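*Asks:*
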Amino acid sequence: MAKSKETDVYRKDASTKHNLLTLKQREDLIKPYLPKAPKSSPTSKRSRPIREFLRNQFHLFVFIIIHLLFSIYIRIRQTYHILFDRALAVLYYHHRAPELIKQDVKGLTRFPEHLSVILELRGDERDQAGLEGLMDELAEIAAWCTCVGIPMLSVYERTGILKHYIPNTHRAVSSKMHSYFGGDVPSLQVGAPNISSYLNGNAAPRTGDASSRHLSILLLSAEDGRSTLVDLTKTLTEMSQRKKLAPSDVSQDLVDAEITESVMGEPDLLILFGQDVKLQGYPPWQIRLTEIYHVQDSNGVGYQVFLRALHNYSKAQMKFGR
Amino acid sequence: MHLSQFRRWLLQSPPVEWAILQLRELLIGALRQGPVPQHIAFVMDGNRRFARQHGIEIVEGHNQGFEALAKILEVCYKSGVKVVTIYAFSIENFKRSKYEVDALMDMAKVKLAQLVQHGDLLEQYGARIQILGQRELIKPDVLEAMDRAVELTKGNGDAILNICCPYTSHAEMTSAIRDTVVEWSQPMEAGPQKEERHFSERHIVHNIRARRLSSNNSNTNHDRLSPNNEALALRSHSPSSGTASDTEESSSDPLTNSSSSTTLNPSTTRSSPPLSSPTSSDNLKSDNNITYPDPELITPATLTNHMYTSSLPPLDLMIRTSGVERLSDFMLWQCHEETEIVFLKVLWPEFDLWGFLPVLVEWQWKQQQRRKGGDVDGQGRGVGKAKTR
Numbered sequence: 001m002a003k004s005k006e007t008d009v010y011r012k013d014a015s016t017k018h019n020l021l022t023l024k025q026r027e028d029l030i031k032p033y034l035p036k037a038p039k040s041s042p043t044s045k046r047s048r049p050i051r052e053f054l055r056n057q058f059h060l061f062v063f064i065i066i067h068l069l070f071s072i073y074i075r076i077r078q079t080y081h082i083l084f085d086r087a088l089a090v091l092y093y094h095h096r097a098p099e100l101i102k103q104d105v106k107g108l109t110r111f112p113e114h115l116s117v118i119l120e121l122r123g124d125e126r127d128q129a130g131l132e133g134l135m136d137e138l139a140e141i142a143a144w145c146t147c148v149g150i151p152m153l154s155v156y157e158r159t160g161i162l163k164h165y166i167p168n169t170h171r172a173v174s175s176k177m178h179s180y181f182g183g184d185v186p187s188l189q190v191g192a193p194n195i196s197s198y199l200n201g202n203a204a205p206r207t208g209d210a211s212s213r214h215l216s217i218l219l220l221s222a223e224d225g226r227s228t229l230v231d232l233t234k235t236l237t238e239m240s241q242r243k244k245l246a247p248s249d250v251s252q253d254l255v256d257a258e259i260t261e262s263v264m265g266e267p268d269l270l271i272l273f274g275q276d277v278k279l280q281g282y283p284p285w286q287i288r289l290t291e292i293y294h295v296q297d298s299n300g301v302g303y304q305v306f307l308r309a310l311h312n313y314s315k316a317q318m319k320f321g322r
Numbered sequence: 001m002h003l004s005q006f007r008r009w010l011l012q013s014p015p016v017e018w019a020i021l022q023l024r025e026l027l028i029g030a031l032r033q034g035p036v037p038q039h040i041a042f043v044m045d046g047n048r049r050f051a052r053q054h055g056i057e058i059v060e061g062h063n064q065g066f067e068a069l070a071k072i073l074e075v076c077y078k079s080g081v082k083v084v085t086i087y088a089f090s091i092e093n094f095k096r097s098k099y100e101v102d103a104l105m106d107m108a109k110v111k112l113a114q115l116v117q118h119g120d121l122l123e124q125y126g127a128r129i130q131i132l133g134q135r136e137l138i139k140p141d142v143l144e145a146m147d148r149a150v151e152l153t154k155g156n157g158d159a160i161l162n163i164c165c166p167y168t169s170h171a172e173m174t175s176a177i178r179d180t181v182v183e184w185s186q187p188m189e190a191g192p193q194k195e196e197r198h199f200s201e202r203h204i205v206h207n208i209r210a211r212r213l214s215s216n217n218s219n220t221n222h223d224r225l226s227p228n229n230e231a232l233a234l235r236s237h238s239p240s241s242g243t244a245s246d247t248e249e250s251s252s253d254p255l256t257n258s259s260s261s262t263t264l265n266p267s268t269t270r271s272s273p274p275l276s277s278p279t280s281s282d283n284l285k286s287d288n289n290i291t292y293p294d295p296e297l298i299t300p301a302t303l304t305n306h307m308y309t310s311s312l313p314p315l316d317l318m319i320r321t322s323g324v325e326r327l328s329d330f331m332l333w334q335c336h337e338e339t340e341i342v343f344l345k346v347l348w349p350e351f352d353l354w355g356f357l358p359v360l361v362e363w364q365w366k367q368q369q370r371r372k373g374g375d376v377d378g379q380g381r382g383v384g385k386a387k388t389r
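For the record, the sequence lines run as chains A and B.
For the first sequence, position 42 matches number 42 in UniProt numbering, and the numbering has no gaps at all.
For the second sequence, position 121 matches number 121 in UniProt numbering, and the numbering has no gaps at all.
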């Protein structure tokens, strides 16, 4: 950090497009802040090994102190967030009542058309409990989306285990919907990219209200990220090799259209339920302008997180680079 | 008012200033003791909002943002970060007012030109500057200044500063795909490989025909089987050229003209009988003498190598200021896997060591937790290095 006196000089110089000071003056201005010249360091190191060693030890000591303090701080923060989370969970419990959920989101001006969530498979891939837990979380989120009126939900899970159980997932979500809506279950479609989707039998509209409620669930995995772009590249390459396409035809619009068609469009809101803000291989093309919501030190899927995400989304404004 | 003046006076007094400087050096030195992210990306958001809040001109806000950048870069390189990537200008930013775009470009030009004047200093301390993005969208005079800066800092090895201008990740990914397509559409030179082989295909075909004829003449069950075995053996021992065309050859019949069998005409080569007449295979040869690399060899790593950041370490940390929780078309390919993404509420011109330090410490802490957790598969890259310093 430069001294403020020198900052002033620098700014005055900058305001005249750096014509005020000469080259030499400017170099003198910054010289005190530069580290020792790296070329001379080997000699000084050799002459003062003890000093260097002591300095290192001191730095290590400070490092340990910082991390000690930080780990205390982060424990307190985590505890605070867990308590806060619990309190919210008690305050805003949905009681599986669509009316209550509607009440919770009443004041919001804007809803995502396409919501995306990242779920994590706990435990082993072969573990039945992990799979069931995943389905249950998915079913809960699906039910909330239907209550709020979000028509499109995409669920990313790295391993893609749910893709092997599409009918089971459909059944799990349907039965959850039953417990929320009773007999008046909205139509539901569960699918995955390049896998035929599974639509429920009673999709025929019965009443005006029920027909307007429809939820499409798209199951995503790591394969739909980079691999899809690689597959597209392979196809384009083959076409180019057969002279069906010139490389200059490969445009951003073409890639966008193909990726949107084969996987999905850009989601409006992405909710992370995990601890860190990591995308875990989420499709890279589609998260361009997606609002990413996460709760610090979050511990799992919860209705209060979902609700806070929607509230946050409603307040945010889109700028599109302007 | 008096209090704030007193505080300013106190902070500007030489002993306090000296103490703060020492404290900074100490903290940075301490940070070096732990794992340090090798590659950090910044989205410098909030310059305009800062200007609006402080009642200064937007251009002045950008200027202050530049100063903040210089400070952050100092912290980064002193603490051992190898690569810093900054989102200086998006292709979408061209939509802003012409006045602002021109001012930004002008600023870039002036700052880079000024940088270039200090050639010897840069050589000692400076980072290598790289410009990532769609160069064709930049005005020629700015481009010239950029090229000079890049050229002059080319020799500086230790640290790298990537300036993304004008950049969007979609454009980057598209150009990576296009470059891959172009690369794969270059015909491979099949000529020299053919000359290295010692066996003539036509001779082998003749040989097999002769054997089949003789076995047909002998007319015993046992003998009728043997040519098939012979052919199978031939199939597995067919001379391979040891290049990318291997996979193609193994999928098509080795007895037909293998070097000409490409994806161009898989149906003709595969449907032709195993012992097609030599004349027809000669015709094939003259028709498509071009061999292309197999598209199946394209992997995510291929695309990664065609990104602007191909030779750099993977992105460890991405920081976006001003509370906007979006990636805004920045480094999507690079950051969607293991990168830690941090969204900060602070506006970019206000971002300094004291805002940066907690982020770095938390990153270090998470790395250590992960190491304790036992899975250090490639994520704790910086960890091993720390102890040797």
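Where a beta carbon is used, it is the ideal one built from N, C-alpha and C, also for glycine.
As the structure is a prediction and not an experimental result, all values here were calculated from the model.
1) Determine whether the Cβ of A/K12 lies closer than 8 angstroms to any Cβ atom of chain B.
2) List the residues of chain B whose Cβ lies closer than 8 angstroms to the Cβ of A/W285, in chain order.
3) Where do the ends of the beta strand (DSSP E) carrying B/F343 lie?
4) What are the complete beta strand (DSSP E) segments, minimum 3 residues, inside the region 35-95 of chain B?
5) Once DSSP output is grouped into helix, strand and coil, what is the label at B/R128?
6) Can you name, in chain order, every residue of its own chain whose Cβ lies under 6 angstroms from the Cβ of A/A204, other than the five neighbours on each side?
7) For A/S262, would you say it is in contact with chain B, using Cβ-to-Cβ distances shorter than 8 angstroms as the test?
8) Taking DSSP as the reference, what is the three-state secondary structure of A/Q189?
9) How many angstroms separate the CA atom of B/L303 from the CA atom of B/V181?
10) Beta strand (DSSP E) containing B/V142: first to last residue?
11) Would B/P314 pass as a contact of A/R226 if the rule is Cβ separation under 8 angstroms?
12) Below 7 angstroms on C-beta distance, what does A/S116 contact in chain B?
13) CB A/L232 to CB A/V263, shorter than 8 angstroms?
14) Taking the beta strand (DSSP E) that B/R320 falls in, what are its first and last residues?
15) Should B/R235 go down as buried or exposed, given a rule of 16 or more other Cβ atoms within 10 Å for buried?
16) If distances are taken between C-alpha atoms only, which option among B/E74, B/H54 and B/Y292 comes closest to B/L21?
17) Just by C-beta distance, which residues in the region 23-34 of chain B are closer than 8 angstroms to chain A?
18) Using the beta-carbon count (16 or more within 10 Å), is A/K102 buried or exposed?
19) Mind listing the chain B neighbours of A/P247? Cutoff is C-beta to C-beta under 9 angstroms, in chain order.
20) Spell out the partners DSSP gives A/V117 in its beta bridges.
21) Could you compute how far the alpha carbon of A/L54 sits from the alpha carbon of A/R48?
22) Which residues of the region 306-335 of chain B have a Cβ closer than 8 angstroms to any Cβ of chain A? Give them in chain order.
23) Sort A/Q280, A/N56 and A/F58 by Cα distance to B/C335 and report the nearest one.
24) Does DSSP classify B/M331 as helix, strand or coil?
25) Which of the three DSSP states is assigned to A/T7 in this structure?
26) Terminal residues of the continuous beta strand (DSSP E) containing A/H214?
27) I want to know whether the region 46-59 of chain B touches the region 82-97 of chain A - three or more CB-CB distances under 8 angstroms.
28) Tell me, please, whether the CB atom of B/R140 is closer than 8 angstroms to any CB atom in chain A?
29) What residue does the alpha helix (DSSP H) around A/H59 start on, and which one ends it?
30) Give a yes or no on whether the minimum CB-CB distance between B/K366 and chain A is below 8 angstroms.
31) I want to see whether chain B comes within less than 8 angstroms of A/L68, judged by CB atoms only; does it?
32) Contact between the region 232-244 of chain A and the region 174-188 of chain B: three or more CB pairs below 8 angstroms?
33) Looking at chain B, which residues of the region 159-185 of chain A have a Cβ within less than 8 angstroms of any of its Cβ atoms?
34) Does the beta carbon of A/V230 sit closer than 8 angstroms to a beta carbon anywhere in chain B?
35) Please specify which runs of the alpha helix (DSSP H), each continuous and at least 4 residues long, are wholly inside the region 280-318 of chain A, giving them in chain order.
36) Would the beta-carbon of B/R320 fall within 8 angstroms of that of B/D141?
*Replies:* For this structure:
1) no
2) What A/W285 touches in chain B: H170, M173 and L332.
3) E340 to F343
4) 39-43 and 83-87
5) For B/R128, the three-state secondary structure derived from DSSP is strand.
6) Residue placement at A/A204 is flagged as unreliable, the pLDDT there being 44, under the threshold of 50; the coordinate-derived value follows with that caveat. For A/A204, where only same-chain residues beyond five positions count, there are no Cβ hits under 6 angstroms.
7) Residue contact check for A/S262 against chain B: no CB pair falls below 8 angstroms.
8) strand
9) In this structure, the straight-line span from the alpha carbon of B/L303 to that of B/V181 is close to 10 angstroms.
10) Run containing B/V142: none in the beta strand (DSSP E); it sits in the alpha helix (DSSP H), P140 to L152.
11) no
12) Residues of chain B passing the Cβ test: none, with the nearest at roughly 13 angstroms.
13) no
14) L317 to R320
15) Reliability fails at B/R235, whose pLDDT of 44 lies under 50, so the model's placement of it is uncertain and no value is given.
16) B/E74
17) R24, L26, L27, G29, A30, L31, R32, Q33 and G34
18) exposed
19) R178, D179, V181, V182 and S185
20) Paired residue(s): A/V155 and A/I271.
21) 10 angstroms
22) V324, E325, R326, L327, S328, D329, L332, W333 and C335
23) A/Q280
24) coil
25) helix
26) H214 to L220
27) no
28) For the record, residue 140 of chain B in the displayed sequence is Pro; it is not Arg. No - not a single Cβ of chain A is within 8 angstroms of the one on B/P140.
29) P49 to L91
30) yes
31) Cβ-Cβ to chain B under 8 angstroms: no for A/L68.
32) yes
33) none
34) yes
35) 303-315
36) No; because the gap between Cβ atoms is not below 8 angstroms, this pair is not in contact.
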